[in-house]
Amino acid sequence: MKINPLARKKNVKKEVLQRRYVYFGSVLAVVILLIGAGWGLRWLALRWELFRLQRMQVTGELKTLTTEQVLEWAQVKEGENLFSLDLDDIQQRLERHSIFKKILVHRRFPNALLIEVEELSPEFVLHTDRLYYVDDRGEIFKDITESEDKQDFPILSGVTEDMILNNPVQVRDWIREAVRLKAIYAASEFARQYGLSEIHFDEQIGFTLYPEKQKYSIKFGNANFEEKMQKLGDFWRQLEKSPVNLSSIDLNYPGKVLMTL
18 MKINPLARKK
28 NVKKEVLQRR
38 YVYFGSVLAV
48 VILLIGAGWG
58 LRWLALRWEL
68 FRLQRMQVTG
78 ELKTLTTEQV
88 LEWAQVKEGE
98 NLFSLDLDDI
108 QQRLERHSIF
118 KKILVHRRFP
128 NALLIEVEEL
138 SPEFVLHTDR
148 LYYVDDRGEI
158 FKDITESEDK
168 QDFPILSGVT
178 EDMILNNPVQ
188 VRDWIREAVR
198 LKAIYAASEF
208 ARQYGLSEIH
218 FDEQIGFTLY
228 PEKQKYSIKF
238 GNANFEEKMQ
248 KLGDFWRQLE
258 KSPVNLSSID
268 LNYPGKVLMT
278 L
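Quick note on the numbering used here: the sequence shown kicks off at 18 and runs consecutively.
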């Protein structure tokens, strides 16, 4: 019996199509099965008591905040299902508070939530009509006027609300310079003995420093802080040999120190 070549070709195509249908049908069935299993597992996880939130942990060095404050801002309650928590939403709630430099939120199975934070470090309490924390970038990051936040940081004065509003870039530069002066001063033996209470800024005079354990002021001006700090150290060692009651020390005169009694 002679087989028609055209009929044979049609049969081959039909078999190929059937195999493809079987293959894609099998793949589709597996996909549906996996999706169903996934939803089933999620349904089970959302109702399983094992994944009820029982512990919330805040890690990182907290400088001005407490663990309770961080958890209050996170707005998460014990007993919530760990899988139902929206970690991005929790992070965004915390990011509304500008005091954080870094925030990471993790689930810790089976029943804990971990919040890692890095808090911005106040360099000064900026004293205008209000009180603000400022950081080493010159940024004002928290108004603490009516809060119970710590205020045991050196004061930075002389900057006004009008300056902040009308010339914010210049104000940031001034604050950064105050931070730089503070760091140079803090590295000295003088600072270790007498501490730092306040740095005052004046656009004409520059920076004036007030030691915590002395009644006099120290005028540093606007530049050459390292050189002037060295000059202060030499002068202080001489002054210790013959103490006098000072009102101020002015380091802005080349080659000498001006004292006011």
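Glycine residues also receive a C-beta, built at the ideal position from the N, C-alpha and C atoms.
Rounded to whole angstroms, what is the Cα-Cα separation between Ile-107 and Thr-162?
Each residue's Cα considered, the two are about 27 Å apart.
Suppose the cutoff is 7 Å on Cβ atoms and the five residues either side in sequence are ignored; what does the same chain contact list for Gly-212 look like?
For Gly-212, the CB contacts under 7 Å within the same chain, skipping 5 residues up- and downstream, are Pro-228, Glu-229, Lys-230 in chain order.
Can you find the residues in the same chain that come closer than 8 Å, C-beta to C-beta, to Val-274, ignoring five residues on each side of it along the sequence?
If we look at Val-274 and ignore the five residues flanking it on each side, its Cβ neighbours are Lys-248, Leu-249, Phe-252, Ile-266, Asp-267, Leu-268.
Taking the alpha carbon of Phe-218 as the reference point, which residue from Arg-124, Ser-174, Ser-259 has its own alpha carbon closest?
The residue with the shortest Cα to Cα distance from Phe-218 is Ser-174.
Looking only at its chain, what residues have a beta carbon closer than 8 Å to the beta carbon of Leu-198, apart from the 5 residues adjacent to it on each side?
Counting only Cβ-Cβ distances below 8 Å, and skipping sequence neighbours, we find Ile-216, Phe-224, Leu-226, Phe-237, Phe-242.
Cβ separation of Ile-116 and Glu-136, assumed to be a contact under 8 Å, to the nearest whole Å:
Indeed, because the Cβ distance is near 6 Å, the residues count as touching under 8 Å.
Can you give me the start and stop residues for the beta strand (DSSP E) that Arg-110 sits inside?
Where Arg-110 is concerned, there is no enclosing beta strand (DSSP E), although the alpha helix (DSSP H) it sits in stretches over 104-112.
How would you call Phe-68, buried or exposed, if buried means at least 16 neighbouring beta carbons within 10 angstroms?
Its Cβ being crowded by 16 or more others within 10 Å, Phe-68 is buried.
Looking only at C-alpha atoms, which of Asp-146, Leu-278, Ser-205 sits nearest to Arg-254?
Put simply, of Asp-146, Leu-278, Ser-205 the residue whose alpha carbon is nearest the alpha carbon of Arg-254 is Ser-205.
Distance CB(Leu-104)-CB(Val-122) smaller than 8 Å
Cβ distance < 8 Å, so Leu-104 and Val-122 count as in contact.
Three-way DSSP call (helix, strand, coil) for Val-93 in this model:
Val-93: coil per DSSP, three-state reduction.
Please name the residue in Arg-72, Ser-101, Asn-239, Val-186 whose C-alpha comes closest to that of Gly-155.
Its Cα nearest to that of Gly-155, the residue Val-186 stands out among Arg-72, Ser-101, Asn-239, Val-186.
Roughly how far, in whole angstroms, is the beta-carbon of Val-87 from the beta-carbon of Val-75, given that I think they are within contact range, below 8 Å?
Rounded, the Cβ-Cβ distance is 5 Å, consistent with contact.
If we ignore side chains and look at the alpha-carbon of each, how far apart do Phe-207 and Val-196 end up?
Put simply, the backbone Cα of Phe-207 is about 17 Å away from that of Val-196.
Return helix, strand or coil for Ser-101, following the three-state DSSP convention.
Note: Ser-101 maps to helix in three-state DSSP.
Since Gly-77 and Val-134 should fall inside the 8 Å C-beta cutoff, what is the C-beta to C-beta distance between them, to a whole number of angstroms?
Between Val-134 and Gly-77 the Cβ distance is about 4 Å, and since that is below 8 Å, they are a contact.
Considering only residues of the same chain and omitting the five flanking positions on each side of Ser-264, which have a CB-CB separation below 7 Å?
So the list reads Tyr-233, Thr-277, Leu-278, once near-sequence residues are dropped.
Just to confirm, is the Cβ distance from Arg-72 to Trp-90 under 8 Å?
Not in contact: Arg-72 and Trp-90 (Cβ atoms no closer than 8 Å).
Can you tell me which of the three DSSP states Glu-182 falls into?
Reading off the sequence shown, one finds Leu at residue 182, where the question assumed Glu. When DSSP states are grouped into helix, strand and coil, Leu-182 belongs to the helix group.
Which whole runs of the alpha helix (DSSP H) in the segment 163-228 are 4 residues long or more, in chain order?
Listed in chain order, they are 178-183, 185-203, 206-211.
Continuous beta strand (DSSP E) stretch holding Asp-267: start and end
Counting along the chain, the beta strand (DSSP E) containing Asp-267 begins and ends at 265-267.
For the alpha helix (DSSP H) that Asp-152 lies in, which residues bound it at each end?
Neither: Asp-152 is in no alpha helix (DSSP H) and is coded neither H nor E.
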